[in-house]
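Q: Mind having a look at this structure? Questions to follow.
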Amino acid sequence: MSPKLSELVTLLKGHRVFIQTHNFPDPDAIASAYGLQVLLGKFNIRTTICHHGNVERTATANMVADFGISMTTDEDIKDMKPDDYIITVDAQKGNANILDLVGDEVAVIDHHPVFNEIKSYKYKDIRIVGSCATIIADYYRLYNIDMPQDVATALLYGLKMDTKDFTRGVTELDVEIYKYLFPKADMVAIRRFQSGTIQYDELEAFVDSMKKVEVYNGVAFAFLNFDCADAFVATMSDFILSLDIVDFCVVYTRKEHGFKFSVRSELDELDAGQISQKALEDVGSGGGHKSMAGGFAVETKILDISIDYNRVIQNLFLNVIDGIRKDEMTPVEKSSEKAAMEALEKKIKDSEKTS
Ligand SMILES: [Mn+2]
5 MSPKLSELVT LLKGHRVFIQ THNFPDPDAI ASAYGLQVLL GKFNIRTTIC
55 HHGNVERTAT ANMVADFGIS MTTDEDIKDM KPDDYIITVD AQKGNANILD
105 LVGDEVAVID HHPVFNEIKS YKYKDIRIVG SCATIIADYY RLYNIDMPQD
155 VATALLYGLK MDTKDFTRGV TELDVEIYKY LFPKADMVAI RRFQSGTIQY
205 DELEAFVDSM KKVEVYNGVA FAFLNFDCAD AFVATMSDFI LSLDIVDFCV
255 VYTRKEHGFK FSVRSELDEL DAGQISQKAL EDVGSGGGHK SMAGGFAVET
305 KILDISIDYN RVIQNLFLNV IDGIRKDEMT PVEKSSEKAA MEALEKKIKD
355 SEKTS
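Residue numbers (my numbering): 5 to 359.
In structure tokens form, the structure reads like this:
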């Protein structure tokens, strides 16, 4: 039984309300925040969507731009007060992947297990389903509220992404919600979000960087040694993860004052968000979701450790991963490294053929 929407509406009336996603928000977090914002708007409750960290992944940025979703980073809301209300979506107060802002976290809507019981919530809707978007869509469905096409499209996209196209953590409610959203959503737009945005002139620099990918026990590191957009780094991260021998990858590029990271994981035991947070806590910041995360490292802090910044970065991540896996992390044998390189080169050729 879901909590009552009327209780949420009553709680929020007359307050300044923020909808906060987890750091480095993904499609599900953004879609949920957007769907909730539109829903509350129908009750004349105005909200501001906020988050810490940049929007990971090109396809997510595409959706934000296409639907004109207004996302505010914590740096741009200096005027938040302790009595402003915060609803956290796709995340819970006290989790490592959500920055503690000065406002009062009065409500939560999430689909993750509870790690720390928060007694101060005045409204709580936590259901273990495939996506947070499922829960938001369920409000529209239960209360028979008119859903704009953009909202349906965003929520369906969030549901698809979080469940890896219905292959991960799917519940019956997710299937029902899919059926509910499908006729309302713009499937062409979803295909458009997912299609890459790699520019042709980036290809040469990309091929160069790919030749230097290093893989240790399924953990890949790639330094994109050229000036490229954040979204491009994220796309490369997805690409490298799709290699058969790679289960976890760290892709980074050099920015004006440091290194920008995009991290991906396809293993349950290696939580990309937690690992990025731990690996980068002394040199910058990192965080995000289990399968997808991001981060930043301050250049001087990396170079303080050693001039060989690639080695420093690899060690920061491998030390954390090593601790999780407990067993010794050994570099892959020369032969499998060669096989990895061949697979990579073939992949590059294939992608050139289709471009
Ligand atoms: Mn989610």
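Virtual Cβ for every residue (Gly too), placed ideally from N, Cα, C.
In this text the structure is predicted, and so the values were computed from the model without any measurement.
What are the partner residues of K128, as DSSP defines its beta bridges?
A: Translated into positions along the sequence shown, residue 128 becomes position 124. DSSP, once it has assigned bridges, lists V112 as partnering K128.
Q: Could you tell me whether the stretch 305-318 touches the stretch 341-358, using the rule of 3 or more Cβ pairs below 8 Å?
A: Touching, no, given that fewer than three Cβ pairs across the two stretches are closer than 8 Å.
Q: Quick check on this structure: which residue in Y89, D154, V106, A238 has the alpha carbon closest to the alpha carbon of Y127?
A: Counting from 1 along the sequence shown, the entry for residue 127 is found at position 123. Among Y89, D154, V106, A238, the Cα nearest to that of Y127 belongs to Y89.
Q: Would you say T175 and V133 are within 7 Å of each other, going by their C-beta atoms?
A: Translated into the one-based positions of the sequence shown, residue 175 becomes position 171. Translated into the one-based positions of the sequence shown, residue 133 becomes position 129. The answer is yes: Cβ separation under 7 Å.
Q: Please say whether I23 and L12 have beta carbons closer to each other than 7 Å?
A: Position 8 of the sequence shown, counted from the start, is the residue given in the question as residue 12. Position 19 of the sequence shown, counted from the start, is the residue given in the question as residue 23. No. Outside cutoff.
Q: For E218, which residues does DSSP report across the bridge?
A: As a first step, residue 218 is located in the sequence shown; it is residue number 214 there, counting from the start. According to DSSP, which records beta bridges pairwise, E218 is partnered with F225.
Q: Exposed or buried, which one is R195 when buried takes at least 16 other CB atoms within 10 Å?
A: One-based indexing of the sequence shown puts residue 195 at position 191. R195 is exposed by the Cβ-count criterion.
Q: Who are the near neighbours of G222 in its chain, counting only those whose CB is closer than 7 Å to its CB and skipping five residues on each side?
A: Working through the sequence shown from its first residue, we reach residue 222 at position 218. The answer, listed in chain order, is I249, V250, D251, F252.
Q: May I have the straight-line CA-CA distance separating D178 from V110, to the nearest angstrom?
A: Working through the sequence shown from its first residue, we reach residue 178 at position 174. Working through the sequence shown from its first residue, we reach residue 110 at position 106. Taking the straight line from one Cα to the other gives about 26 Å.
Q: Mind pulling the alpha helix (DSSP H) runs of 4 or more residues that sit fully within the stretch 262-298?
A: Listed in chain order, the complete alpha helix (DSSP H) runs (minimum 4 residues) inside the stretch 262-298 are 276-284.
Q: I'd like the span of the alpha helix (DSSP H) that includes M165, first residue to last.
A: The residue labelled residue 165 in the question sits at position 161 within the sequence shown. Where M165 is concerned, the enclosing alpha helix (DSSP H) stretches over 153-166.
Q: D154 to A37, Cα distance in whole Å?
A: Position 150 of the sequence shown, counted from the start, is the residue given in the question as residue 154. Position 33 of the sequence shown, counted from the start, is the residue given in the question as residue 37. Cα to Cα, D154 sits roughly 13 Å from A37.
Q: Please return the same chain residues whose Cβ sits closer than 8 Å to the Cβ of A100, not counting the five positions on each side in sequence.
A: Numbered from its first residue, the sequence shown carries residue 100 at position 96. Excluding positions up to five away in sequence, the list reads G277, Q278, Q281, G291.
Q: Any beta carbon from chain D within less than 7 Å of L245's own beta carbon?
A: No chain D appears in the structure shown, which is made up of a single protein chain.
Q: Cα separation between V324 and F265?
A: Locating residue 324 in the sequence shown gives position 320, counting from the first residue. Locating residue 265 in the sequence shown gives position 261, counting from the first residue. For V324 and F265, the distance between alpha carbons rounds to 16 Å.
Q: Closer than 8 Å is the cut-off here; do at least three beta carbon pairs connect the stretch 178-190 with the stretch 79-88?
A: Counting Cβ pairs under 8 Å, fewer than three are found: no touch.
Q: Quick check: is any heavy atom of ligand 1 less than 6 Å from the C-beta of C232?
A: In the sequence shown, residue 232 corresponds to position 228, counting from 1. No - ligand 1 has no heavy atom lying nearer than 6 Å to the Cβ of C232.
Q: Ends of the alpha helix (DSSP H) at T138?
A: Residue 138 sits at position 134 when you count from the first residue of the sequence shown. That run of the alpha helix (DSSP H) goes 136-146.
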